[in-house]
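Engineer: So the sequence shown is residues 0 to 138, counted in this note's numbering.
Idealized CB from N, CA, C, for every residue including glycine.
Computed from a predicted structure; not experimentally measured.
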Amino acid sequence: MRPETEKARRLLEESNSTLVLCSADETITSCERGVRGLLKLADEKKDLSGFCAADKAVGKGAAVLFVLLGVKEVFTAVISESAKKLLSQNGVTVFASQTVEAILNRKGDGVCPIEQALGGTDEPESALGIIRETLRNIG
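Spelled out as structure tokens, the structure:
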């Protein structure tokens with residue numbers, strides 16, 4: 000694990016953040032739920048090439064955004080199989096405590112709506128529109 004990933008992991012565990020991104024000289028944190036923090040960075044055209052990330056849970060939506068933002072390494076407590084596959088196919092190293100079939104929705108009674116909406120999509124650029132549309136629909 001890169002030192003930046005270890006730093007991000009430690010900061011995630013010690014704070015109320017849901018997402019921590021670290022490079023050699025910059026740290027970005029977010030307390031937003033789901034993919035909103037990552038989507039905000041993508042909308043700002045933030046170049047995170049070479050950054051490492053720690054995220055509480057990584058579904059396919061977060062994986063798409065990590066790829067588009069240029070993140071190189073990700074640590075997470077839980078990752079979906081499809082997110083792990085997408086990250087691996089795009090050269091992003093993953094450290095996960097647990098791999099699950101799918102990320103669940105907030106109620107825990109079904110699949111996360113973004114994970115579900117991205118089911119058959121493996122192209123990050125086209126997936127971005129699906130993420131935005133799904134977020135609009137769920138509010």
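1) Would you tell me roughly how many angstroms separate the C-alpha atoms of ALA52 and GLU72, rounded to the nearest one?
2) What is the rounded straight-line gap between the Cα of LEU134 and the Cα of GLY118?
3) To the nearest angstrom, how far is the alpha carbon of GLY49 from that of ARG131?
4) Give the straight-line distance between the Cα atoms of ASP54 and SER87, rounded to the nearest whole angstrom.
5) Rounded C-beta distance between GLU122 and ALA101? I'm assuming under 8 Å.
Structural biologist: Considering the structure as presented:
1) 6 Å
2) 15 Å
3) 25 Å
4) 16 Å
5) About 19 Å separates the two Cβ atoms, so there is no contact after all.
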